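First the structure, in the form of structure tokens, and then the observations on it.
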Amino acid sequence: MERNNPDEIPEVRPSDVVKEGYLFKQSRFIKEWRKRWFVLTKNHILSFKDEKVYKNPTEVILIASCSTVKSVEEEINKPNAFKLEVNGRTYYMQAENYAEKEGWIGALGKAMIKKSVLIDDGDEDAYM
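Going by full-length UniProt numbering, the first residue of the sequence shown is number 1, and it counts up by one from there.
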């Protein structure tokens, strides 16, 4: 996933969290599945090695850079799997169960739509 300049890594406060929980994420090069604590805020999705420890994210993605989120269980032959497409790169994730998968897809989709509306309108106060 995209890793920003350390000076640009967003601070995560509990009040910023839209959704959080464990997901398995396929690593970029080795393609191993790793359990990570994911945190969705209105502007970013971040992953961390430990639950509720909002320091030193392993991944940082700007929501405005996301183009697609959808279920891919049959595509990659994994239950409760979904993908997130970001600037031409695809990230595969797997939830513990169907309800969690649908919750993440819904929350990410909603965040992406809000960011899209903000970009189109230029009205940043609309969703603050």
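Where a beta carbon is used, it is the ideal one built from N, C-alpha and C, also for glycine.
Predicted model, so just to flag it, every value in this text is computed and none were measured.
**Report entry** Counted within 10 angstroms of its Cβ, other Cβ atoms place Pro6 as buried (16 or more) or exposed
**Finding:** Note on Pro6: pLDDT 45, under 50, position unreliable in the model; the coordinate value appears next. Only exposed fits Pro6, as fewer than 16 other CB atoms lie within 10 angstroms of its CB.
Query raised in the report: Is the stretch 103-114 close to the stretch 85-92, with three or more CB pairs under 8 Å?
Result: Segment contact: the stretch 103-114 against the stretch 85-92, fewer than three CB-CB distances shorter than 8 Å; contact not assigned.
Requested in this report: Have a look at Val18 and Lys101 and give me their C-alpha separation to the nearest angstrom.
Outcome: In this structure, the straight-line span from the alpha carbon of Val18 to that of Lys101 is close to 15 Å.
Query raised in the report: Any heavy atom of the ligand FMN closer than 6 Å to the Cβ of Lys52?
Result: This structure lacks the ligand FMN; in fact it carries no ligand of any kind.
Requested in this report: Output the distance between the C-alpha atoms of Lys55 and Glu73, rounded to the nearest integer angstrom.
Outcome: Approximately 31 Å, taken between the alpha carbons.
Requested in this report: Would you check if the distance between the CB atom of Met93 and the CB atom of Leu46 is smaller than 7 Å?
Outcome: Cβ atoms of Met93 and Leu46: not closer than 7 Å.
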